[in-house]
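Numbering (our numbering), first residue to last: 196 to 331.
Notes to accompany the following structure.
So this is what it looks like as structure tokens:
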């Protein structure tokens, strides 16, 4: 994977939301709140409880696809609004490095948001609050 692929996957997320939910996502922070609500309304949380990223069963394939789309969308918002940059960690995980102060694991957030209560907007707000406190 690469940052260019994450941009494409983020656009795939926008297309998915429009096609499946008639939901307009515009890469604004507020759109994360809409995404959270729609994710929570769409799937019962137990639907993906036995799914695992990268596994080949139907639920796991669906989970992996959704995590890549939603995580990339979240990551692109963080890069745009916080001047974050995609960064591959030593263990190969892709994160968004925000001003060398926060390393956001957007794909872990996406998986948790699908399997539990969706929290993209809350994590965005937490990052914003933390960054604002660093400026004071």
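Idealized CB from N, CA, C, for every residue including glycine.
(request) Report, in whole angstroms, the separation of the C-beta atoms of residue 273 and residue 299, which I expect to be a contact under 8 Å. (result) Position 78 of the chain shown, counting from 1, holds the residue named residue 273. Position 104 of the chain shown, counting from 1, holds the residue named residue 299. Their Cβ separation, rounded to whole angstroms, is 6 Å, which keeps residue 273 and residue 299 in contact under 8 Å.
(request) Please go through the stretch 199 to 223 and give each complete beta strand (DSSP E) segment of 3 or more residues, from N-terminal end onward. (result) Complete beta strand (DSSP E) runs here, min 3: none at all.
(message) Just verifying my parser: in three-state terms, what is the DSSP assignment at residue 264?
(response) Looking up residue 264 in the chain shown gives position 69. In the displayed model, residue 264 falls within a helix according to three-state DSSP.
(request) Compute the distance between the beta-carbons of residue 197 and residue 265, then report whether it is under 8 Å. (result) Position 2 of the chain shown holds residue 197. Position 70 of the chain shown holds residue 265. Here residue 197 is not near residue 265, since their CB atoms are 8 Å or more apart.
(request) Take the Cβ of residue 324 as the centre, count every other Cβ of all protein chains shown within 10 Å, and call the residue buried at 16 or more, exposed below. (result) Along the chain shown, read from residue 1 onward, the residue named residue 324 stands at position 129. Per the 10 Å Cβ criterion, exposed.
(request) State yes or no: is the C-beta of residue 293 within less than 8 Å of the C-beta of residue 315? (result) By 1-based counting over the chain shown, the position of residue 293 is 98. By 1-based counting over the chain shown, the position of residue 315 is 120. Going by C-beta atoms, residue 293 is not nearer than 8 Å to residue 315.
(request) To the nearest angstrom, report how far apart residue 268 and residue 244 are at their CA atoms. (result) As a position in the chain shown, residue 268 is number 73, starting the count at 1. As a position in the chain shown, residue 244 is number 49, starting the count at 1. Just so you know, the alpha carbons of residue 268 and residue 244 end up roughly 22 Å apart.
(message) Between which two residues does the alpha helix (DSSP H) holding residue 327 run?
(response) Here residue 327 is taken as the residue at index 132 of the chain shown, counted from 1. Here the alpha helix (DSSP H) through residue 327 covers 315 to 330.
(request) Give me whichever residues DSSP pairs with residue 283 in a beta bridge. (result) Locating residue 283 in the chain shown gives position 88, counting from the first residue. 289.
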